[in-house]
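In this note's numbering, the protein residues as written are 171 to 489. Don't be surprised by glycine CBs; every beta carbon is placed ideally from N, CA and C. Quick caveat, the model's predicted, so the values are computed rather than measured.
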């Protein structure tokens, strides 16, 4: 086959690729597409409706919300509950504590996971296997809540903001993900940097960190959601210092308060108007706080989605 025939085939292929290719869908394809789109649209509505239902309940009249008549559209427009949330000191303090905890906790955990994950990939590190196995063992054994509380108390981490940050810095699962990802990076990049005189710290900061953005973003999502939604440590460790309680803890307290008010009145044989109003106000605040706690995660998650998909797939392929 001569060169002219090859060039002719190449031109024909290029012409075919550049032209518009029309594919006539068959009846079966059309039916499948309709069913496919219908199912996914219904699934999307099912996923979105709880958030919509929560939102319309926050801007509707609290009396109607308590009666459960708000289903598809808001009634009796009322945004006073949002004004209370963003003006009352206890709510503002809880939001600040939660945001600070999420930012600092996520940053510290991601950096620690990246650095430790890089260290345990170094064959020349003394005691590397022992250290890695000790970290892994903590995934399978848990002393329980009471020993955990006694340990935190002995370390002076009760009623202390750093109780939110320090215990979660070393996360075994995150370290495994980072280690697996770093092992997938070509070793020649690090070797060439070492030949140029780069230290371990320089290699880590200039090569490993930039190339590990997908897995670090994945870990950041896990850590941010975990820190934002956590309330048990706040409830147990900050029992006497309410100024350090998180948003989720305050939300759970409001829900408990509303239930206790109504149950106390029912046990006494009657529910007073004042008690009902107080319970309604607590429930309305809890619903609005729920909406306020959901929105930040919902808004941030799409920006990390592309990194999340790539990072989690690499962690799944290599063990």
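Inter-residue CB distance, residue i and residue j (contact presumed, cutoff 8 Å)
i           : j           : result
residue 305 : residue 342 : 5 Å
residue 414 : residue 329 : 7 Å
residue 457 : residue 208 : The pair is not a contact, with the Cβ atoms about 32 Å apart (cut-off 8 Å).
residue 496 : residue 298 : What is shown of the chain runs 171 to 489, which leaves residue 496 out entirely.
residue 165 : residue 421 : Missing from the structure shown is residue 165; the chain here goes from 171 to 489 and no further.
Beta-carbon gap between residue i and residue j smaller than 7 Å
i           : j           : result
residue 407 : residue 333 : yes
residue 230 : residue 244 : yes
residue 348 : residue 284 : yes
residue 267 : residue 416 : yes
residue 398 : residue 241 : no
residue 377 : residue 357 : no
residue 373 : residue 353 : no
residue 381 : residue 355 : yes
Span separating the alpha-carbon of residue i from that of residue j
i           : j           : result
residue 485 : residue 239 : Interpretation of residue 485 is limited by its pLDDT of 49, a score under 50 that renders its predicted location unreliable; no figure is taken from the coordinates.
residue 275 : residue 392 : 11 Å
residue 295 : residue 213 : 50 Å
residue 459 : residue 370 : 46 Å
residue 389 : residue 419 : 24 Å
residue 404 : residue 223 : 28 Å
residue 470 : residue 225 : 18 Å
residue 310 : residue 196 : 54 Å
residue 286 : residue 279 : 10 Å
residue 215 : residue 250 : 28 Å
residue 424 : residue 321 : 29 Å
residue 301 : residue 366 : 30 Å
residue 323 : residue 260 : 25 Å
residue 411 : residue 293 : 46 Å
beta-carbon residue i near the ligand GDP non-hydrogen atom, thresh 6 Å
i           : result
residue 361 : The ligand GDP is not among the ligands present in this structure, which contains no ligands whatsoever.
Given residue i as reference, the closest of the options once Cα atoms are compared
i           : options               : result
residue 315 : 222, 201, 202 and 402 : 402
residue 253 : 454, 201, 468 and 411 : 454
residue 396 : 321, 277 and 412      : 277
residue 338 : 282, 320 and 313      : 282
Which ranges would you report for the alpha helix (DSSP H) in the stretch 241-293 if only whole runs of at least 4 residues count?
250-255 and 259-289
Mind listing, in chain order, the continuous alpha helix (DSSP H) runs of no fewer than 4 residues lying wholly within the stretch 340-372?
342-353 and 357-365
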